[in-house]
Amino acid sequence: MYLKDFEIRWSDVDANRHLANSAYLNFMSHTRMAYLMELGFTHQTMAEHEIGPVVFYEHIYYFKEAFLGKPVKVSMEVVGMSEDGKFFEFHHNFYDNKGRNFAHCEMMGAWIDLKTRSLTGLTDDFLKAFNKAEKPDNFRVLSKEDTRKFVKVPKDLV
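Numbering (this note's numbering), first residue to last: 4 to 161.
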(Lines of atoms letter the chains of each structure in order from A and count residues from 1; the text may use other names and numbers.)
(Lines give C-alpha, C1' and ligand atoms only; values in the text may rest on other atoms or scores of the structure.)
Protein backbone atom coordinates (compact mmCIF):
# COMPACT_ATOMS: atom_id res chain seq x y z
CA MET A 1 0.00 0.00 0.00
CA TYR A 2 1.32 3.42 -0.98
CA LEU A 3 0.81 6.20 1.61
CA LYS A 4 1.04 9.98 1.25
CA ASP A 5 0.95 12.45 4.16
CA PHE A 6 -1.07 15.67 4.10
CA GLU A 7 -2.15 18.37 6.52
CA ILE A 8 -5.63 19.82 6.17
CA ARG A 9 -5.17 23.46 5.20
CA TRP A 10 -7.57 26.38 5.43
CA SER A 11 -8.28 26.09 1.70
CA ASP A 12 -9.22 22.40 2.16
CA VAL A 13 -12.26 23.00 4.38
CA ASP A 14 -15.81 23.94 3.40
CA ALA A 15 -18.58 26.01 5.02
CA ASN A 16 -19.12 23.21 7.56
CA ARG A 17 -15.48 23.60 8.64
CA HIS A 18 -14.58 20.01 7.73
CA LEU A 19 -12.58 18.58 4.83
CA ALA A 20 -14.36 19.58 1.62
CA ASN A 21 -15.33 17.08 -1.06
CA SER A 22 -13.03 18.82 -3.56
CA ALA A 23 -10.10 18.42 -1.15
CA TYR A 24 -10.66 14.66 -1.02
CA LEU A 25 -10.41 14.61 -4.82
CA ASN A 26 -7.28 16.77 -4.80
CA PHE A 27 -5.56 14.64 -2.14
CA MET A 28 -6.35 11.46 -4.08
CA SER A 29 -5.16 12.91 -7.37
CA HIS A 30 -1.92 14.09 -5.76
CA THR A 31 -1.41 10.66 -4.17
CA ARG A 32 -1.99 8.88 -7.49
CA MET A 33 0.40 11.12 -9.38
CA ALA A 34 3.10 10.77 -6.68
CA TYR A 35 2.73 6.99 -6.91
CA LEU A 36 2.83 7.02 -10.72
CA MET A 37 5.91 9.25 -10.69
CA GLU A 38 7.70 6.71 -8.49
CA LEU A 39 6.86 4.06 -11.11
CA GLY A 40 8.37 6.23 -13.85
CA PHE A 41 5.21 7.94 -15.12
CA THR A 42 6.64 11.47 -14.89
CA HIS A 43 5.41 14.50 -16.84
CA GLN A 44 8.38 14.01 -19.15
CA THR A 45 7.86 10.30 -19.84
CA MET A 46 4.11 10.72 -20.34
CA ALA A 47 4.77 13.65 -22.70
CA GLU A 48 7.31 11.56 -24.64
CA HIS A 49 4.73 8.79 -25.08
CA GLU A 50 1.89 11.32 -25.53
CA ILE A 51 -0.34 9.61 -22.97
CA GLY A 52 -2.26 10.75 -19.91
CA PRO A 53 -4.53 9.21 -17.28
CA VAL A 54 -8.29 9.86 -17.37
CA VAL A 55 -10.83 9.17 -14.62
CA PHE A 56 -14.11 7.37 -15.42
CA TYR A 57 -15.51 7.65 -11.91
CA GLU A 58 -14.60 8.18 -8.26
CA HIS A 59 -17.02 6.82 -5.65
CA ILE A 60 -16.25 8.23 -2.22
CA TYR A 61 -17.63 6.83 1.01
CA TYR A 62 -17.39 9.12 4.04
CA PHE A 63 -17.28 7.57 7.51
CA LYS A 64 -16.18 10.45 9.80
CA GLU A 65 -15.34 14.13 9.51
CA ALA A 66 -11.79 15.48 9.26
CA PHE A 67 -10.85 18.97 10.42
CA LEU A 68 -8.50 21.88 9.77
CA GLY A 69 -4.89 21.51 10.89
CA LYS A 70 -5.07 17.75 11.33
CA PRO A 71 -2.59 15.43 9.64
CA VAL A 72 -4.02 12.76 7.35
CA LYS A 73 -2.65 9.87 5.36
CA VAL A 74 -4.06 8.89 1.98
CA SER A 75 -3.40 5.39 0.69
CA MET A 76 -3.48 4.08 -2.84
CA GLU A 77 -3.65 0.51 -4.07
CA VAL A 78 -3.81 -0.79 -7.62
CA VAL A 79 -6.68 -3.28 -7.29
CA GLY A 80 -7.23 -3.93 -10.98
CA MET A 81 -5.71 -3.48 -14.41
CA SER A 82 -6.42 -4.83 -17.87
CA GLU A 83 -3.78 -7.04 -19.47
CA ASP A 84 -2.71 -4.26 -21.83
CA GLY A 85 -2.77 -1.66 -19.03
CA LYS A 86 -5.46 0.41 -20.75
CA PHE A 87 -7.90 0.24 -17.82
CA PHE A 88 -7.07 0.54 -14.12
CA GLU A 89 -8.86 0.57 -10.80
CA PHE A 90 -7.35 2.25 -7.74
CA HIS A 91 -8.65 2.32 -4.17
CA HIS A 92 -7.86 5.08 -1.71
CA ASN A 93 -8.33 5.19 2.04
CA PHE A 94 -8.08 8.25 4.29
CA TYR A 95 -6.64 7.82 7.79
CA ASP A 96 -6.46 10.25 10.71
CA ASN A 97 -3.38 10.71 12.91
CA LYS A 98 -4.37 7.64 14.95
CA GLY A 99 -4.70 5.41 11.88
CA ARG A 100 -8.51 5.40 11.87
CA ASN A 101 -10.09 5.11 8.43
CA PHE A 102 -12.44 8.05 7.85
CA ALA A 103 -13.13 7.74 4.09
CA HIS A 104 -12.75 5.28 1.21
CA CYS A 105 -12.77 5.79 -2.55
CA GLU A 106 -13.01 3.43 -5.49
CA MET A 107 -11.91 4.95 -8.78
CA MET A 108 -11.58 3.61 -12.28
CA GLY A 109 -9.81 5.13 -15.22
CA ALA A 110 -7.83 4.52 -18.36
CA TRP A 111 -4.96 5.89 -20.42
CA ILE A 112 -5.63 8.23 -23.33
CA ASP A 113 -3.47 8.80 -26.39
CA LEU A 114 -3.10 12.59 -26.46
CA LYS A 115 -2.71 12.67 -30.27
CA THR A 116 -5.72 10.56 -31.25
CA ARG A 117 -7.76 11.39 -28.09
CA SER A 118 -8.69 7.71 -27.80
CA LEU A 119 -8.04 5.13 -25.11
CA THR A 120 -4.78 3.24 -25.40
CA GLY A 121 -2.86 0.45 -23.76
CA LEU A 122 0.52 1.00 -22.13
CA THR A 123 3.94 0.44 -23.65
CA ASP A 124 5.94 -2.57 -22.50
CA ASP A 125 8.14 -0.35 -20.30
CA PHE A 126 5.17 1.12 -18.46
CA LEU A 127 3.52 -2.31 -18.14
CA LYS A 128 6.72 -3.71 -16.61
CA ALA A 129 6.73 -0.87 -14.06
CA PHE A 130 3.16 -1.72 -13.01
CA ASN A 131 3.89 -5.44 -12.92
CA LYS A 132 6.71 -4.79 -10.42
CA ALA A 133 4.38 -2.81 -8.16
CA GLU A 134 2.89 -4.45 -5.07
CA LYS A 135 -0.60 -5.83 -5.64
CA PRO A 136 -3.18 -6.44 -2.90
CA ASP A 137 -4.87 -9.82 -2.40
CA ASN A 138 -8.02 -8.54 -4.12
CA PHE A 139 -6.19 -7.53 -7.34
CA ARG A 140 -7.97 -8.60 -10.53
CA VAL A 141 -7.47 -8.41 -14.28
CA LEU A 142 -9.96 -5.93 -15.75
CA SER A 143 -11.90 -6.17 -19.00
CA LYS A 144 -13.73 -3.46 -20.91
CA GLU A 145 -16.97 -4.81 -19.40
CA ASP A 146 -15.68 -3.93 -15.91
CA THR A 147 -15.62 -0.27 -16.96
CA ARG A 148 -19.31 -0.45 -17.88
CA LYS A 149 -20.67 -1.91 -14.64
CA PHE A 150 -22.69 1.21 -13.80
CA VAL A 151 -24.17 1.53 -17.31
CA LYS A 152 -24.36 5.31 -17.40
CA VAL A 153 -24.83 6.93 -20.80
CA PRO A 154 -24.98 10.60 -21.77
CA LYS A 155 -28.43 12.21 -22.19
CA ASP A 156 -28.17 15.29 -24.38
CA LEU A 157 -30.49 18.29 -24.11
CA VAL A 158 -31.36 18.17 -27.83
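Beta carbons: idealized from backbone N, C-alpha and C, even for Gly.
{"Item": "Jot down the residue ranges of each uninterrupted beta strand (DSSP E) in the stretch 125-152, minimum 3 residues, whole runs only, in chain order.", "Value": "143-145"}
{"Item": "Closest by CA to F59, which one among V154, K158, L160, V161?", "Value": "V154"}
{"Item": "Give me the DSSP bridge partner(s) of A113.", "Value": "V57, F90"}
{"Item": "Going by DSSP, what residues sit across from A23 in a beta bridge?", "Value": "Partner(s): none; A23 has no beta bridge."}
{"Item": "List the endpoints of the continuous beta strand (DSSP E) containing M79.", "Value": "74-85"}
{"Item": "Is E51 helix, strand or coil by DSSP?", "Value": "helix"}
{"Item": "Which word fits G112, buried or exposed, when buried means at least 16 other C-beta atoms lie within 10 angstroms of its C-beta?", "Value": "buried"}
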